[in-house]
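Protein chains in written order, with our numbering: chain A, 7 to 279; chain B, 7 to 279.
2 protein chains.
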Amino acid sequence: MNFNQNVSNAWRKNNSLVCVGLDPDPKRFPDQFAGKNDAIFAFNRAIIDATADLVCSFKPQIAHYAALGAEHQLLQTIQYIHQNHPDIPVILDSKRGDIGSTAEKYADEAFQRFEADAVTINPYLGFDSIEPFSRHQDKGVIVLCRTSNPSSASIQNLMVGEHKLYEKIAEMAVNEWNENSNISLVVGATNPKELGKIRAIIGDMMLLVPGIGAQGGDTQAAISNGQDEQGAGLMVNSSRGVLYASQGPDFADAARQVTEQMRDEINQYRKIV
Amino acid sequence: MNFNQNVSNAWRKNNSLVCVGLDPDPKRFPDQFAGKNDAIFAFNRAIIDATADLVCSFKPQIAHYAALGAEHQLLQTIQYIHQNHPDIPVILDSKRGDIGSTAEKYADEAFQRFEADAVTINPYLGFDSIEPFSRHQDKGVIVLCRTSNPSSASIQNLMVGEHKLYEKIAEMAVNEWNENSNISLVVGATNPKELGKIRAIIGDMMLLVPGIGAQGGDTQAAISNGQDEQGAGLMVNSSRGVLYASQGPDFADAARQVTEQMRDEINQYRKIV
Numbered sequence: 007m008n009f010n011q012n013v014s015n016a017w018r019k020n021n022s023l024v025c026v027g028l029d030p031d032p033k034r035f036p037d038q039f040a041g042k043n044d045a046i047f048a049f050n051r052a053i054i055d056a057t058a059d060l061v062c063s064f065k066p067q068i069a070h071y072a073a074l075g076a077e078h079q080l081l082q083t084i085q086y087i088h089q090n091h092p093d094i095p096v097i098l099d100s101k102r103g104d105i106g107s108t109a110e111k112y113a114d115e116a117f118q119r120f121e122a123d124a125v126t127i128n129p130y131l132g133f134d135s136i137e138p139f140s141r142h143q144d145k146g147v148i149v150l151c152r153t154s155n156p157s158s159a160s161i162q163n164l165m166v167g168e169h170k171l172y173e174k175i176a177e178m179a180v181n182e183w184n185e186n187s188n189i190s191l192v193v194g195a196t197n198p199k200e201l202g203k204i205r206a207i208i209g210d211m212m213l214l215v216p217g218i219g220a221q222g223g224d225t226q227a228a229i230s231n232g233q234d235e236q237g238a239g240l241m242v243n244s245s246r247g248v249l250y251a252s253q254g255p256d257f258a259d260a261a262r263q264v265t266e267q268m269r270d271e272i273n274q275y276r277k278i279v
Numbered sequence: 007m008n009f010n011q012n013v014s015n016a017w018r019k020n021n022s023l024v025c026v027g028l029d030p031d032p033k034r035f036p037d038q039f040a041g042k043n044d045a046i047f048a049f050n051r052a053i054i055d056a057t058a059d060l061v062c063s064f065k066p067q068i069a070h071y072a073a074l075g076a077e078h079q080l081l082q083t084i085q086y087i088h089q090n091h092p093d094i095p096v097i098l099d100s101k102r103g104d105i106g107s108t109a110e111k112y113a114d115e116a117f118q119r120f121e122a123d124a125v126t127i128n129p130y131l132g133f134d135s136i137e138p139f140s141r142h143q144d145k146g147v148i149v150l151c152r153t154s155n156p157s158s159a160s161i162q163n164l165m166v167g168e169h170k171l172y173e174k175i176a177e178m179a180v181n182e183w184n185e186n187s188n189i190s191l192v193v194g195a196t197n198p199k200e201l202g203k204i205r206a207i208i209g210d211m212m213l214l215v216p217g218i219g220a221q222g223g224d225t226q227a228a229i230s231n232g233q234d235e236q237g238a239g240l241m242v243n244s245s246r247g248v249l250y251a252s253q254g255p256d257f258a259d260a261a262r263q264v265t266e267q268m269r270d271e272i273n274q275y276r277k278i279v
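Put into structure tokens, the structure is as follows:
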């Protein structure tokens with residue numbers, strides 16, 4: 007089984023397109039974690055157990071661990087998901103991009119060291135920076151296309167001939183890079199019209215869609231424009247909106263509630279649920 | 007003192023534009039390191055001591071440490087340089103790029119956790135992914151512009167209006183992003199004509215130039231086209247060519263010899279030495 011099939015199965019099993027981002031920020035943890043050595047893992051574990059039957063994937067963002075020297079707790083988190091919720095694939099959000107020989111080392115980081123099922127990748131260096139990841143046919147490789155941050159348009163919307171750079175990236179992803187059928191794209195919910203343009207280019211390729219929640223993306227517009235012909239094809243990520251729904255002792259219940267609401271809101275706008 | 011001044015001082019002190027890349031690959035280490043727990047740090051230390059009076063900077067590439075879970079040895083390496091060769095700045099080559107709130111975490115990774123003097127950055131997300139690094143005015147922020155790998159042209163040479171994407175990046179770096187005068191660019195030696203075009207756009211902005219050595223770049227063409235009006239403005243990186251000049255017990259002497267040759271060859275083509 008490969009990553010895309012695993013996500014499809016999780017979509018169906020949990021009737022959910024939601025991806026929960028695991029971006030731990032100990033300053034925002036409830037008091038009960040204060041002073042704990044494994045606070046990050048313990049917090050993540052509670053979030054995972056509270057939401058695993060409501061999601062199609064989990065996505066730890068590596069900078070939140072690397073800034074704190076918490077690589078071990080990142081690995082514990084991923085292994086915990088594999089062991090206790092084996093139907094839910096894990097995306098390591100690291101947005102790596104480097105020359106081929108170095109990209110091989112980053113693939114080792116993601117797939118061997120951290121046991122991730124998929125990884126996010128930056129396309130600026132071209133295919134020889136992507137192929138060391140995509141050669142792992144059972145793994146997912148999710149390439150940045152149109153990101154959710156404010157200044158992304160200054161680069162990604164540059165006109166390349168008659169198309170924008172992000173459209174060119176989408177086109178290369180479909181027509182040139184997807185030889186192992188394991189490429190997908192990152193497209194922010196903050197640009198719903200562009201989600202629609204990208205869907206028209208890529209057919210049924212999968213999209214990872216951040217930007218709902220803390221970043222302010224519109225769910226209806228994002229789902230209406232982004233879904234594929236089967237009412238799926240999306241992993242819609244929320245990180246801060248779920249993790250810090252409450253900072254009190256009820257944080258896990260609050261995270262579950264927000265995730266459930268998000269799942270249900272998304273499902274309202276799917277062609278087929 | 008900021009990063010750019012520190013590099014300038016090292017240029018003068020060692021009369022050298024050479025940057026040695028610290029990309030450890032234990033499989034290629036001499037036998038004397040076999041089985042050692044701190045083999046990476048011990049190897050790096052020998053290379054550093056053998057070359058520190060011949061270089062303007064050191065550049066550890068983080069993937070080589072992350073793939074092996076060797077973050078502690080990366081920190082040891084950087085601290086060793088600061089303590090024993092305080093005149094030589096350290097660039098953490100990590101090519102990070104993410105939305106603003108995450109970029110802050112990556113800046114913590116580079117500057118707080120690993121104590122680097124500068125970091126490499128991917129521009130695909132635009133300025134709000136760069137500013138969390140460049141707000142640290144004493145640190146250097148080295149933005150990918152025209153990279154040395156074969157498929158880089160498929161993206162970076164796309165025509166944006168009348169210019170190529172990499173030229174647009176260079177122009178934005180100079181005119182829009184350099185508010186703290188601490189931005190510089192990565193331009194591969196494998197494209198010497200493009201080095202010249204970029205130099206014409208950026209004036210005396212500094213360039214980090216990989217691609218000499220294992221990647222086959224032409225030294226004369228790169229220096230002739232890339233240097234600034236003062237015969238400087240470049241950090242010319244070699245990693246594998248220096249580190250693995252010999253895989254026998256004489257590896258440190260061989261690394262020194264290759265570095266010295268490279269320095270002298272580069273100096274031949276500088277307008278002013």
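For every residue, glycine included, the Cβ atom is placed at its ideal position computed from N, Cα and C.
Run through DSSP, which three-state label would residue i get?
i        : result
B/Asn197 : coil
A/His169 : strand
B/Gly146 : strand
B/Asn298 : It is not possible to answer for residue 298 of chain B, since the shown part of chain B is limited to 7 through 279.
B/Glu67  : According to the sequence as given, residue 67 of chain B is Gln; it is not Glu. Three-state DSSP puts B/Gln67 in a strand.
B/Met178 : helix
B/Val248 : helix
B/Gly232 : helix
B/Asn8   : coil
B/Asn184 : coil
B/Asn21  : coil
A/Lys277 : coil
A/Gly202 : helix
Taking Cβ positions only, does residue i come closer than 9 Å to chain B?
i        : result
A/Val26  : no
A/Met178 : yes
A/Gln79  : no
A/Asp29  : yes
A/Gln162 : yes
A/Gln253 : no
A/Leu65  : According to the sequence as given, residue 65 of chain A is Lys; it is not Leu. Output row for A/Lys65: interface = no.
A/Ile175 : yes
A/Glu121 : no
A/Gln274 : no
A/Leu150 : yes
A/Leu171 : yes
Tell me where the beta strand (DSSP E) around residue i begins and ends.
i       : result
B/Val3  : Absent from the structure is residue 3 of chain B, since the part of chain B shown begins at 7 and ends at 279.
B/Val24 : 24-28
Output yes if chain A places a C-beta closer than 9 Å to the C-beta of residue i; else output no.
i        : result
B/Asn83  : First, the amino acid is wrong: residue 83 of chain B is Thr here, not Asn. No, no contact with chain A.
B/Leu249 : no
B/Arg34  : no
B/Arg141 : no
B/Pro129 : yes
B/Phe133 : yes
B/Gly167 : yes
B/His88  : no
B/Ala72  : yes
B/Asp224 : no
B/Leu240 : no
B/Arg269 : no
B/Tyr112 : yes
B/Gly103 : yes
B/Asn243 : no
B/Pro198 : no
B/Glu115 : yes
B/Asn155 : yes
B/Ile146 : Per the sequence shown, residue 146 of chain B should be read as Gly rather than Ile. Not closer than 9 Å to any Cβ of chain A, the Cβ of B/Gly146 fails to qualify, so no.
Are any of the Cβ atoms in chain E nearer than 9 Å to that of residue i?
i       : result
B/Phe49 : Considering every chain present, this structure includes no chain E. Its protein chains are A and B.
Report the partner residues of residue i according to the DSSP bridge assignment.
i        : result
A/Gly189 : Residue identity differs from the one stated: residue 189 of chain A is Ile in this sequence, not Gly. Answer by DSSP bridge pairing, in chain order: A/Val147.
B/Gly209 : Note: B/Gly209 sits in no beta bridge, so no partner.
A/Gly223 : A/Ile218
B/Val242 : B/Val24, B/Val215
Go to residue i, then tell me how far its alpha helix (DSSP H) extends in each direction, as first and last residue.
i        : result
A/Asn273 : 257-274
A/Gln162 : 159-162
B/Asn50  : 45-57
- Write down every uninterrupted run of the alpha helix (DSSP H) in the segment 75-156 of chain A whose length is 4 residues or greater and which is fully enclosed by it, in chain order. Runs of the alpha helix (DSSP H) inside the segment 75-156 of chain A: 77-90, 106-113, 137-140.
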